[in-house]
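Chemist: Below is one structure. I have some questions about it.
There are 4 protein chains.
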Amino acid sequence: MTTYPPVCFCWVSLVKTKFRTDANKLVPLTFADKSPRNAPQQVLDAAAICFMEKGYAGSTLDDVARHMGATKGRIYHYFNSKSELMHAVRKRAMDINFAAIRDGFDSNLPPAQKFRLMADAHALNMMAEQPYQRALFDSLHTHMTRDKAAGHDAIMDEFIGDRRAFEDMFREVLEQGKASGAFRFKTLSIALHTVITILNSSIYWYSPRPDETDKDRRQIASELVDMAQRALGATTP
Amino acid sequence: MTTYPPVCFCWVSLVKTKFRTDANKLVPLTFADKSPRNAPQQVLDAAAICFMEKGYAGSTLDDVARHMGATKGRIYHYFNSKSELMHAVRKRAMDINFAAIRDGFDSNLPPAQKFRLMADAHALNMMAEQPYQRALFDSLHTHMTRDKAAGHDAIMDEFIGDRRAFEDMFREVLEQGKASGAFRFKTLSIALHTVITILNSSIYWYSPRPDETDKDRRQIASELVDMAQRALGATTP
Amino acid sequence: MTTYPPVCFCWVSLVKTKFRTDANKLVPLTFADKSPRNAPQQVLDAAAICFMEKGYAGSTLDDVARHMGATKGRIYHYFNSKSELMHAVRKRAMDINFAAIRDGFDSNLPPAQKFRLMADAHALNMMAEQPYQRALFDSLHTHMTRDKAAGHDAIMDEFIGDRRAFEDMFREVLEQGKASGAFRFKTLSIALHTVITILNSSIYWYSPRPDETDKDRRQIASELVDMAQRALGATTP
Amino acid sequence: MTTYPPVCFCWVSLVKTKFRTDANKLVPLTFADKSPRNAPQQVLDAAAICFMEKGYAGSTLDDVARHMGATKGRIYHYFNSKSELMHAVRKRAMDINFAAIRDGFDSNLPPAQKFRLMADAHALNMMAEQPYQRALFDSLHTHMTRDKAAGHDAIMDEFIGDRRAFEDMFREVLEQGKASGAFRFKTLSIALHTVITILNSSIYWYSPRPDETDKDRRQIASELVDMAQRALGATTP
DNA sequence: GATGAATGAGTGTTCATTCAT
DNA sequence: TATGAATGAACACTCATTCAT
Numbered sequence: 368m369t370t371y372p373p374v375c376f377c378w379v380s381l382v383k384t385k386f387r388t389d390a391n392k393l394v395p396l397t398f399a400d401k402s403p404r405n406a407p408q409q410v411l412d413a414a415a416i417c418f419m420e421k422g423y424a425g426s427t428l429d430d431v432a433r434h435m436g437a438t439k440g441r442i443y444h445y446f447n448s449k450s451e452l453m454h455a456v457r458k459r460a461m462d463i464n465f466a467a468i469r470d471g472f473d474s475n476l477p478p479a480q481k482f483r484l485m486a487d488a489h490a491l492n493m494m495a496e497q498p499y500q501r502a503l504f505d506s507l508h509t510h511m512t513r514d515k516a517a518g519h520d521a522i523m524d525e526f527i528g529d530r531r532a533f534e535d536m537f538r539e540v541l542e543q544g545k546a547s548g549a550f551r552f553k554t555l556s557i558a559l560h561t562v563i564t565i566l567n568s569s570i571y572w573y574s575p576r577p578d579e580t581d582k583d584r585r586q587i588a589s590e591l592v593d594m595a596q597r598a599l600g601a602t603t604p
Numbered sequence: 368m369t370t371y372p373p374v375c376f377c378w379v380s381l382v383k384t385k386f387r388t389d390a391n392k393l394v395p396l397t398f399a400d401k402s403p404r405n406a407p408q409q410v411l412d413a414a415a416i417c418f419m420e421k422g423y424a425g426s427t428l429d430d431v432a433r434h435m436g437a438t439k440g441r442i443y444h445y446f447n448s449k450s451e452l453m454h455a456v457r458k459r460a461m462d463i464n465f466a467a468i469r470d471g472f473d474s475n476l477p478p479a480q481k482f483r484l485m486a487d488a489h490a491l492n493m494m495a496e497q498p499y500q501r502a503l504f505d506s507l508h509t510h511m512t513r514d515k516a517a518g519h520d521a522i523m524d525e526f527i528g529d530r531r532a533f534e535d536m537f538r539e540v541l542e543q544g545k546a547s548g549a550f551r552f553k554t555l556s557i558a559l560h561t562v563i564t565i566l567n568s569s570i571y572w573y574s575p576r577p578d579e580t581d582k583d584r585r586q587i588a589s590e591l592v593d594m595a596q597r598a599l600g601a602t603t604p
Numbered sequence: 368m369t370t371y372p373p374v375c376f377c378w379v380s381l382v383k384t385k386f387r388t389d390a391n392k393l394v395p396l397t398f399a400d401k402s403p404r405n406a407p408q409q410v411l412d413a414a415a416i417c418f419m420e421k422g423y424a425g426s427t428l429d430d431v432a433r434h435m436g437a438t439k440g441r442i443y444h445y446f447n448s449k450s451e452l453m454h455a456v457r458k459r460a461m462d463i464n465f466a467a468i469r470d471g472f473d474s475n476l477p478p479a480q481k482f483r484l485m486a487d488a489h490a491l492n493m494m495a496e497q498p499y500q501r502a503l504f505d506s507l508h509t510h511m512t513r514d515k516a517a518g519h520d521a522i523m524d525e526f527i528g529d530r531r532a533f534e535d536m537f538r539e540v541l542e543q544g545k546a547s548g549a550f551r552f553k554t555l556s557i558a559l560h561t562v563i564t565i566l567n568s569s570i571y572w573y574s575p576r577p578d579e580t581d582k583d584r585r586q587i588a589s590e591l592v593d594m595a596q597r598a599l600g601a602t603t604p
Numbered sequence: 368m369t370t371y372p373p374v375c376f377c378w379v380s381l382v383k384t385k386f387r388t389d390a391n392k393l394v395p396l397t398f399a400d401k402s403p404r405n406a407p408q409q410v411l412d413a414a415a416i417c418f419m420e421k422g423y424a425g426s427t428l429d430d431v432a433r434h435m436g437a438t439k440g441r442i443y444h445y446f447n448s449k450s451e452l453m454h455a456v457r458k459r460a461m462d463i464n465f466a467a468i469r470d471g472f473d474s475n476l477p478p479a480q481k482f483r484l485m486a487d488a489h490a491l492n493m494m495a496e497q498p499y500q501r502a503l504f505d506s507l508h509t510h511m512t513r514d515k516a517a518g519h520d521a522i523m524d525e526f527i528g529d530r531r532a533f534e535d536m537f538r539e540v541l542e543q544g545k546a547s548g549a550f551r552f553k554t555l556s557i558a559l560h561t562v563i564t565i566l567n568s569s570i571y572w573y574s575p576r577p578d579e580t581d582k583d584r585r586q587i588a589s590e591l592v593d594m595a596q597r598a599l600g601a602t603t604p
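Just so you know, the sequences run in chain order A, B, C and D.
For the first sequence, our numbering begins at 368 and goes up steadily by one.
For the second sequence, our numbering begins at 368 and goes up steadily by one.
For the third sequence, our numbering begins at 368 and goes up steadily by one.
For the fourth sequence, our numbering begins at 368 and goes up steadily by one.
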């Protein structure tokens with residue numbers, strides 16, 4: 368029998384992670400590479416965590432700065448505004464997402480196996496980069512209306528285009544799988560979103576633990592992929 | 368062949384609903400029952416829509432008031448604070464959720480059929496009450512730290528307990544189904560969250576259309592429930 | 368013999384007026400009409416004085432608020448931003464300026480007398496509305512580059528157009544005067560600006576005194592107009 | 368007939384000079400003498416231009432640095448603070464002003480001719496050193512209250528004394544001219560300020576042109592001096 | 001001599017909340 | 001009941017200044 372310690376029983380329960388901001392006493396993030404060259408990365412990491420925890424609107428730049436053990440000035444030295452910081456977080460999340468499924472997508476395997484590779488990589492990625500993914504997801508579903516900076520819409524459009532491109536990689540595999548008889552779902556768009564939703568789901572309940580191993584994560588990912596495949600009506604599980 | 372117009376191709380794309388706030392010119396919500404008795408309900412509806420669109424922290428009480436074609440005074444007449452308003456929205460969403468699956472849960476059907484009834488009702492409910500459900504979901508995953516009102520934690524705890532109770536209704540059915548051989552999933556908690564996630568998923572991509580019928584929604588729900596059942600490894604689809 | 372007490376001997380000396388902001392202890396402006404209807408006017412008056420004293424960039428909205436014995440909120444209740452407040456001050460100054468010379472300009476007198484009427488009214492106006500005129504003048508010669516609000520340039524263009532229209536009223540009289548032989552200046556544009564400069568000059572050295580009478584101001588104005596007329600080479604002084 | 372291209376028709380219009388800061392793309396000042404010995408002078412020149420364009424409070428040290436094609440470090444290498452930089456600009460402007468009228472004042476000519484010499488030199492000086500003069504003028508009429516550096520008031524007092532001394536040189540000539548019958552003005556202080564205002568006026572509307580010659584400037588100056596003399600009621604023009 | 005990084009005090013702006021009417 | 005005015009705390013953002021290199 369397998370146990371899954373890292374699963375917290377929540378669709379609901381507030382996620383309590385080691386990242387949690389406790390307004391006053393806080394252990395700043397620590398980085399192996401503290402060189403200035405790495406500074407913008409540190410800012411992004413801190414921002415991603417804050418945005419995950421409180422959302423974009425609910426996060427203060429002071430919160431982010433406190434996460435770094437620094438002051439707002441450091442943030443503004445690298446990013447011109449809060450929204451630009453958000454864009455950078457979003458961009459990095461997207462880049463990571465593409466990179467994760469690239470290899471699987473480029474493989475010459477039949478649709479079912481190709482899907483498994485991509486889905487597994489994506490599911491693992493969601494856990495490995497939870498803060499960035501939460502921030503990304505949040506920003507996708509929220510209008511940030513106060514953001515009137517010139518070019519904001521253009522940036523969002525480009526970003527939505529990227530998103531679409533990402534989905535299309537899965538869409539293509541699903542179509543091929545249906546054509547080859549490997550999958551038996553009904554409506555493509557619904558199946559697509561359902562599958563991605565399953566693979567994404569851990570960002571809302573996964574919580575890393577001190578004693579956790581890579582194997583634990585792999586097992587969770589594997590189980591999610593199993594369910595996704597079954598949901599698609601995969602003929603050979 | 369069936370077509371599903373209301374599905375928008377997004378995990379990603381910003382949801383464009385008829386509710387969208389357009390900062391300046393805005394068609395206030397209209398209610399059949401404009402009696403004072405109904406007033407608090409109007410406030411809740413407007414709040415739910417705003418919270419859905421911009422999140423709790425991103426919404427202004429002026430936004431909410433504007434949605435009603437009124438000013439903040441009306442809100443404060445019925446709710447003592449912004450967070451109390453959020454609590455009320457949350458509570459209503461929870462009440463609706465319980466009511467929706469009640470009948471299915473109380474039926475004496477075998478687990479698979481019982482699940483189908485509950486799941487279908489829940490999936491339809493997500494579409495019917497999208498603003499409330501989005502607001503609920505959002506508040507579940509976001510710390511609202513600035514909310515220092517006394518008793519806030521107690522309220523949240525009670526609310527989290529409710530949430531757990533809701534999940535437990537599905538959990539029970541899943542356990543019974545596994546015991547009876549109707550379902551063949553691996554880890555209960557993961558299967559539970561995955562299934563709920565599937566049923567919830569439409570809140571992020573569903574967008575009602577002018578010419579949409581109830582039948583359209585029922586078909587979407589049905590397809591989602593199909594996938595959920597398959598994901599559970601249902602033996603008799 | 369006439370004495371001119373209100374004249375302070377400065378091109379240079381910092382103007383010390385009863386308006387001076389003394390950061391901490393300050394007598395707020397008092398208004399005969401304290402009705403809310405008059406509130407925006409009070410804000411404008413306070414702003415004009417602050418802008419006169421410290422310039423636009425050097426004035427804090429807290430300064431302005433302190434002048435009113437209020438807080439920034441009051442300002443933002445009536446004006447959306449600091450720059451919009453400045454625009455309002457500017458507009459009011461311009462309106463006053465036009466109103467002041469209107470009657471003289473519309474009269475059917477010969478150029479020299481018409482000029483005298485207009486110039487006298489303008490010179491008196493400069494003293495009566497010193498804060499507004501200083502704020503106006505300052506804003507004319509300073510780029511407020513940080514002001515990126517949409518439409519800023521359009522507003523400034525309109526305003527510059529108004530300014531031009533104001534000058535043109537004097538320009539017309541000067542041209543007519545030259546044609547009729549009443550004036551004997553050389554270059555129109557230089558004469559025009561010189562004359563307006565003379566009439567404006569008091570905004571930088573005039574300082575009202577407690578015991579001052581209208582007659583005092585009229586004498587100053589009269590003397591300035593005399594010099595302006597002579598500068599124009601008026602044939603009949 | 369003479370034309371005066373460099374005159375722009377403004378009491379009002381925003382001055383558009385070759386100096387204008389265009390936030391991003393900017394041609395830094397160029398100096399014939401780029402030796403370190405000349406460095407402080409470059410800083411002063413850049414500062415004068417910025418202060419002219421945006422005022423002291425509205426100018427950033429980054430603006431000044433950008434004008435030099437350098438960073439703030441260079442400024443701080445030569446000046447201890449922003450206000451010290453302003454003082455230096457002011458001082459240089461004053462020194463130039465004294466130097467300009469010195470010869471005329473020391474001459475042994477009768478009052479009218481002596482005035483003409485001084486006035487002409489001053490008027491030319493205003494055009495030649497427009498940025499310094501604008502910065503000076505601005506600082507004379509603006510309280511820079513945030514400037515709490517110790518000794519600030521002492522410095523300003525000394526500076527105001529200098530200003531007074533400068534005015535007194537003209538005052539003396541005017542008095543002598545009135546006594547001798549060469550001038551026929553009414554009140555000394557008003558005449559004095561009016562005349563200086565006339566001579567200064569070009570700093571707000573003069574704008575150098577590429578094809579401009581020294582002769583052009585001399586004509587403008589001459590015309591201004593003519594008007595000043597007539598304003599004084601000079602008996603022999 | 002000069003730079004880039006970082007800071008902290010301040011400044012414009014927002015917004016939940018109160019209150020007189 | 002509902003509104004408009006007003007407040008104050010908090011927040012995004014700026015900028016003079018310092019400092020290690």
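For every residue, glycine included, the Cβ atom is placed at its ideal position computed from N, Cα and C.
Since this is a predicted model, take the numbers as computed values, not measurements.
(1) Assign GLN408 (chain B) to buried or exposed, taking buried as 16 or more other Cβ atoms, counted over all protein chains shown, within 10 Å of its Cβ.
(2) From what residue to what residue does the alpha helix (DSSP H) around LYS553 (chain C) run?
(3) Anything in chain D within Cβ reach of THR509 (chain C), meaning under 7 angstroms, just list it in chain order.
(4) Would you call the segment 491–500 of chain D in contact with the segment 582–595 of chain D, where contact means no fewer than 3 C-beta pairs closer than 8 angstroms?
(5) Assuming PHE533 (chain B) and PHE465 (chain B) are in contact, meaning their beta carbons sit under 8 angstroms apart, how far apart are those beta carbons, in whole angstroms?
(6) Would you say SER448 (chain D) lies against chain C (beta-carbon separation less than 8 angstroms)?
(7) What residue from D:ARG538, D:THR427, D:ALA406 has the CA that sits closest to LEU558 (chain D)'s CA?
(8) Using the C-alpha atoms, what's the distance from ALA595 (chain C) back to GLY600 (chain D)?
(9) Taking only runs of the alpha helix (DSSP H) that begin and end inside the segment 418–464 of chain A, which ones reach a length of at least 4 residues, in chain order?
(10) Drop a sphere of 10 angstroms on the beta-carbon of PRO577 (chain C), count the other beta-carbons inside from all chains shown, and report buried for 16 or more, exposed for fewer.
(11) Taking the continuous alpha helix (DSSP H) assigned at ILE570 (chain A), which residues delimit it?
(12) First and last residue of the alpha helix (DSSP H) that includes ASN492 (chain B)?
(13) What residue range is occupied by the uninterrupted alpha helix (DSSP H) comprising ASP581 (chain B)?
(14) Within 8 angstroms of any Cβ in chain C, is that where the Cβ of GLY600 (chain D) sits?
(15) Mind pulling the chain D residues with CB within less than 9 angstroms of MET494 (chain C)?
(16) Along chain D, which residues have their Cβ under 8 angstroms away from the Cβ of ILE587 (chain C)?
(17) Would you mind telling me which residues of chain C sit closer than 9 angstroms to LEU591 (chain D), beta carbon to beta carbon, in chain order?
(18) With a cut-off of 8 angstroms, does the C-beta of ARG597 (chain A) fall near any C-beta of chain B?
(19) Distance check for VAL456 (chain D) and VAL592 (chain C), CA to CA, integer angstroms please.
(20) Cβ closer than 8 angstroms: which chain A residues qualify as neighbours of SER547 (chain B)?
(21) Quick check on TYR499 (chain A) - is its C-beta less than 8 angstroms from some C-beta in chain B?
(22) Three-state secondary structure (DSSP) at ALA601 (chain D)?
(23) Just tell me which of A:GLU420, A:ASP535, A:ASN405, A:ALA414 has its CA closest to the CA of TYR571 (chain A).
(24) Looking only at its own chain, which residues have a Cβ that is under 8 angstroms from the Cβ of LEU507 (chain C), when we skip the five neighbours before and after it?
(25) Would you say ARG597 (chain C) and ALA598 (chain D) are within 8 angstroms of each other, going by their C-beta atoms?
(26) Determine the direct distance from the alpha carbon of ILE527 (chain B) to that of ALA467 (chain B), and round the result to whole angstroms.
(27) Give me the residue from D:ARG469, D:PRO478, D:PRO477 with the minimum Cα distance to ALA488 (chain D).
(28) Please report the distance separating the alpha-carbon of ARG501 (chain C) from that of CYS417 (chain D).
Modeler: According to the data block:
(1) Taking all protein chains shown into account, GLN408 (chain B) has fewer than 16 neighbouring C-beta atoms within 10 Å of its C-beta and is therefore exposed.
(2) Looking at the DSSP string, LYS553 (chain C) is not in any alpha helix (DSSP H), and its letter there is neither H nor E.
(3) Neighbours of THR509 (chain C) on chain D, chain order: LYS421, GLY422, GLY425.
(4) The segment 491–500 of chain D, when compared against the segment 582–595 of chain D, does touch it at the 8 angstroms Cβ threshold.
(5) 6 angstroms between Cβ atoms; contact.
(6) Chain C, which has no Cβ nearer than 8 angstroms to the Cβ of SER448 (chain D), makes this no.
(7) As written in the sequence, residue 558 (chain D) is Ala, which differs from the Leu given in the question. Selected option, being the one with the closest Cα: D:ARG538.
(8) Taking the straight line joining both Cα atoms gives about 11 angstroms.
(9) Here the runs fully enclosed are 428–435, 439–445.
(10) It is exposed - the Cβ of PRO577 (chain C) has fewer than 16 other Cβ atoms within 10 Å.
(11) ILE570 (chain A): member of the alpha helix (DSSP H) spanning 569–572, first to last residue.
(12) Per DSSP, the unbroken alpha helix (DSSP H) holding ASN492 (chain B) starts and ends at 478–495.
(13) Looking at the DSSP string, the run of the alpha helix (DSSP H) that includes ASP581 (chain B) is 581–598.
(14) Closer than 8 angstroms: yes.
(15) Correct list: empty, because the minimum Cβ distance to chain D is about 13 angstroms.
(16) Going along chain D in sequence order, the residues near ILE587 (chain C) (Cβ under 8 angstroms) are ILE557.
(17) Per Cβ cutoff of 9 angstroms: ILE557, THR561.
(18) It does; some Cβ of chain B falls within 8 angstroms.
(19) Cα-Cα distance, rounded: 35 angstroms.
(20) The premise fails here: SER547 (chain B) is roughly 18 angstroms from chain A at the closest Cβ pair, so nothing lies under 8 angstroms.
(21) It does not: the Cβ of TYR499 (chain A) has no partner Cβ on chain B nearer than 8 angstroms.
(22) The answer is coil: DSSP assigns ALA601 (chain D) none of H, G, I, E or B.
(23) Per the Cα distances, A:GLU420.
(24) Once the five neighbours on either side are set aside, the close Cβ partners of LEU507 (chain C) are ARG530.
(25) With a cutoff of 8 angstroms on beta-carbon distance, ARG597 (chain C) and ALA598 (chain D) are scored as near each other.
(26) Approximately 19 angstroms between the Cα atoms of the pair.
(27) Nearest to ALA488 (chain D) by alpha-carbon distance, out of D:ARG469, D:PRO478, D:PRO477, is D:ARG469.
(28) Their backbone Cα atoms lie some 21 angstroms apart in a straight line.
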